[in-house]
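Residue numbers (the working numbering), protein chains in the order written: chain A, 129 to 559; chain B, 1495 to 1842.
By construction, the Cβ of each residue, glycine as well, lies at the ideal position given by its N, Cα and C atoms.
Inspection log for the structure reproduced underneath, given as structure tokens.
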Amino acid sequence: MDTLLAARAQMEVSLAFHMIFAALGIGMPLLMLMAEWRWLRSGREHYRVLARTWGKATALTFAVGAVSGTALSFELGLLWPRFMAEAGGIIGPAFALEGYAFFIEAIFLGLYLYGWDRLSPRAHWWTGVPVAVSGMMSGVLVVAANAWMQAPVAPEGAGAAFAPFLSPRWLDLALHSTLSCYIATGFAVAGVYAVGILRGRDDAYHRSAIRIALAVAAVTAMLQPLSGDISARMAAKHQPAKLAAMEALYETRTHAPLTIGGIPDDDAQTLRFGLEIPAGLSLLLAHDPAHEVTGLDAFPRDEWPNVLIVHTAFQVMVGAGFAMAGIGALFWLVQWKRRGREPRALWILLVAASPLGYLALQAGWLVTEVGRQPWVIYGSMRTADGVTTAPGVPITFFGFTVLYLLLGTALAALLRALATHNSARRALEQA
Amino acid sequence: MSVELLVGALAVVALITYAVLGGADFGGGIWDLFARGPRRDEQRAAIADAMGPVWEANHVWLIFVIVLLFTGFPSAYGALSTGLFVPFHIVLLGIIARGAAFVFRAYSPRAAGEASSPQAKRWGVIFGVASVVTPVVLGMCLGAVSSGAMRVDDAGVHFTRTPWLAPVSLAIGALALAQCAYLAAVFLTLETDGPLRDDFRTRALLAGTAVVALSAALVPLLLREAEHLWQGLVRGPGLFALVPGVVAALLSGWALRGRHYRLARAAAVAQIACLVAGWAAAQYPYIIYPDVTLASAAGPRATLLFVLYSTPLGMALLLPSLWYLFRVFKVRKHDAARAEIRATRPVG
């Protein structure tokens, strides 16, 4: 395994791992605040138990997100010292501001978690608000660094310090990734409690958990296609090679079709076994069937991203996204029509949909990052020119993969214990 | 004053804050690992209680140091990451394992009435070991950039012997460990009562003795391996940190012996601050002695200005929040009047 491949793999594993907890760190505080809010308004005890349980889940995931995020800021330098020497001063402001947001989140999470007995109920709820807001903001801010790598700009003078925030891709990527965090968290949480209902614990506690989780997830899942549409247009404008790889469009043409599924074949420059919607892509991008879409043939072969990975990941993301928007809508339809006598199939469906948000999230990052290749700074610095000269990266890659696997397994076990542990129910019975 | 000096000073302030707050956290882990005697479980509980609400906030200071470094001095960060590839990875491993193990232990399910489950004990060991290793290696990295063994030129980073394993680096690593242990034990005397407080007082005196011994042992090593650091400490601005630092160290030890715990804490904090500030003053103007200076590694001027201007704004949000956090959790817990107010309030 050569250094470049190992460094990319280590970065990918670290980011994928961090992303799981970062997403929960953005989504969980909102759910926990909503549960506590319901408790404050209704006084019904099970909401308080929910808020406390979700607070604990937030604590666990935030801690792991925090340490894996610290790891990433080290790894940027350890694996990509030449990239950081070049770009550290440019993307730095995004990290600096994210640092503040993250700091606020850490402070108020400490207050929220340990303040149940020390603060008045209302003050306690308010300590959770900065957690939710700064959790979201830290994501939005740090995405600016990534957006700059996707669509770099080099403003002159004082504006140079704001380069990451002036990248045309910042807002669309930030919107898309923030929504995906709420979707992923909401569906994951709903699935956990749907398992509980299927196992016979069909009570207010489980139902409220699912309703809160899906209140967040259904709304965001239905907004996500709109955000995705914006992102696709921005990709077409600023990263045409990435868009061509996403759609596996080899040939620059008008009336470009939208192809669902299919296996790209780079050598034959065709997409096999796909379902073609004639002129679909031209219509989506410009509302005009005659719109010309740039294909991969406009780029030298050594500037193509890996079409198979990008196209497949894109299809998975879009498929999972639409499935979740549908399931979210269906859930609320059933709640509206048949609340209290839901068919068992609904809970089974929620369990099945539980991993979809994470599937879409990870696939989406694959599209973003693999789609940017071979560039680390799009159009300006190749990934191969940014990698470290230090030996031993394959070893650290292996080591960190094992470490993350162990931590992930341990955390999953703890979260499961938290969700199913009967202490929550015991507390409920006592109340 | 030049912009890069101001950003460098900011990084040093963040480093001092990390050394005090993060250092005490590491120290908590050290005493968790070495919890001994009849009150072993109580010692661990006191440490966990003291750290629980604040440890994550304490560690964000390290992120600030890193971000300031790669934002303000990108080429230095590149060189450090290449030259200190191995120790940085160890630090990274330590930070991940430590934080994860701490929360995993706290949220491990346990049977009713049980102090800790076997699962929680295993996480505790990982937490403790990582708390020992990480500050040592961080100290070693500090030594490595000061010793002059790491050379940087256009072609990259070179060294003939591994700079972070040099005797002076090892000694600084050991000193960092002793400092963390001292700081935590002193802090914990203010979080505990009775015999438990005496336990931590004894530990603080032990660690304080180690700090003095290691500092003394460092002098000949500095003279031999990092003379410029020694020269910077005994003359020029370094002296303004060294003298108050020695005074604060002695004062802190004296106060601890006489059980003046608040004074001991204040002096211990001052001592650490002087130690880091003294190192920075002696190291100035170098980031990596003798090839990388603040000026030679400085990033784009607009970025440096951004860092400077955004700091007061960020701090205006941060400092009141931090003040609130420490006020809620670090004001003496057994204050009878407050406890009564709390008891009459519906418990959430």
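If you reduce the DSSP assignment to three classes, tell me which class residue i lands in.
| i | result |
| --- | --- |
| A/L546 | helix |
| A/M585 | No answer is possible for residue 585 of chain A: it lies beyond the span of chain A, which begins at 129 and ends at 559. |
| B/L1578 | coil |
| A/G423 | coil |
| B/H1652 | strand |
| A/H174 | helix |
| A/P157 | helix |
| A/M162 | helix |
| B/E1721 | helix |
| B/D1519 | helix |
| A/R339 | helix |
| A/V387 | The residue asked about is misnamed: residue 387 of chain A is Thr in this sequence, not Val. DSSP places A/T387 in strand when its eight states are reduced to three. |
| B/R1530 | coil |
| B/E1685 | coil |
| A/E203 | helix |
| A/E119 | Nothing can be reported for residue 119 of chain A: it is not among the residues displayed for chain A, which extend from 129 to 559. |
| A/W276 | helix |
| A/P292 | helix |
| A/G285 | helix |
| B/F1596 | helix |
| B/P1661 | helix |
| A/P519 | coil |
| A/D331 | coil |
| A/Q463 | helix |
| B/Y1571 | helix |
| B/S1602 | coil |
| A/R469 | coil |
| B/R1538 | helix |
| A/D430 | helix |
Which word fits residue i, buried or exposed, when buried means at least 16 other C-beta atoms lie within 10 angstroms of its C-beta?
| i | result |
| --- | --- |
| B/F1734 | exposed |
| A/P221 | buried |
| A/A86 | Outside the displayed range of chain A (129 to 559) lies residue 86 of chain A, so it cannot be described from this structure. |
| A/A426 | exposed |
| B/R1538 | buried |
| A/K465 | exposed |
| B/G1752 | exposed |
| B/S1496 | exposed |
| B/A1830 | Low per-residue confidence applies at B/A1830: pLDDT is 43, beneath 50, and the placement is therefore not dependable enough to give any value. |
| B/V1841 | Note on B/V1841: pLDDT 38, under 50, position unreliable in the model; the coordinate value appears next. With fewer than 16 other Cβ atoms within 10 Å, it is exposed. |
| B/G1502 | buried |
| B/E1498 | buried |
| A/M147 | buried |
| A/H415 | exposed |
| A/A229 | buried |
Measuring CA to CA, which of the options is closest to residue i?
| i | options | result |
| --- | --- | --- |
| A/T398 | A/D416, A/V435, A/F290 and A/F315 | A/V435 |
| B/A1775 | B/H1754, B/G1633, B/P1661 and B/G1732 | B/G1732 |
| A/R210 | A/L535, A/D513 and A/I523 | A/D513 |
| A/A213 | A/G153, A/G227, A/Q367 and A/I505 | A/I505 |
| B/Q1673 | B/A1649, B/L1500, B/V1506 and B/G1516 | B/G1516 |
| A/L301 | A/G314, A/L326 and A/I358 | A/I358 |
| B/E1719 | B/G1577, B/L1574 and B/Y1783 | B/Y1783 |
| A/H439 | A/G456, A/A373 and A/K365 | A/A373 |
| B/P1581 | B/L1757, B/V1597 and B/P1629 | B/P1629 |
| A/T348 | A/L307, A/H334, A/Y321 and A/A337 | A/L307 |
| A/S508 | A/A538, A/P280, A/V498 and A/A316 | A/P280 |
| B/I1557 | B/A1600, B/R1533 and B/Y1512 | B/Y1512 |
| A/G485 | A/I523, A/Y378, A/Q443 and A/A316 | A/A316 |
| B/L1500 | B/A1698, B/L1819 and B/Y1803 | B/Y1803 |
Checking the sheet assignment: what are the DSSP bridge partners for residue i?
| i | result |
| --- | --- |
| A/M509 | A/I505 |
| A/P392 | A/L399 |
| B/Y1780 | B/T1787 |
| B/V1646 | B/V1651 |
| A/R381 | A/V421 |
Counting contacts by CB-CB distance shorter than 8 Å, is residue i in contact with chain C?
| i | result |
| --- | --- |
| B/E1550 | Protein chains A and B are contained in the structure displayed, whereas chain C is not. |
Quiz prompt | Members of the region 1760-1787 of chain B near chain A, C-beta cut-off 7 Å | solution = none
Self-check item: Interface residues of the region 1613-1638 of chain B facing chain A [CB-CB below 7 Å]
Solution: none
Quiz item: When Cβ atoms are compared, which residues of the region 1786-1800 of chain B fall closer than 7 Å to chain A?
Solution: G1793, P1794, A1796, T1797, L1799 and F1800
Quiz item: What residues from the region 172-187 of chain A come within 8 Å of chain B, judged by C-beta to C-beta, listed N to C?
Solution: R176, K184 and A187
Self-check item: Interfacial residues, the region 1529-1549 of chain B to chain A, with Cβ spacing under 7 Å
Solution: G1546, P1547 and V1548
Exercise. Check distances from the C-beta atoms of the region 1560-1574 of chain B to those of chain A and list, in chain order, the residues that come in under 9 Å.
Key: I1560, V1561, L1562, L1563, F1564, T1565, G1566, F1567, P1568, S1569, A1570, Y1571, G1572, A1573 and L1574
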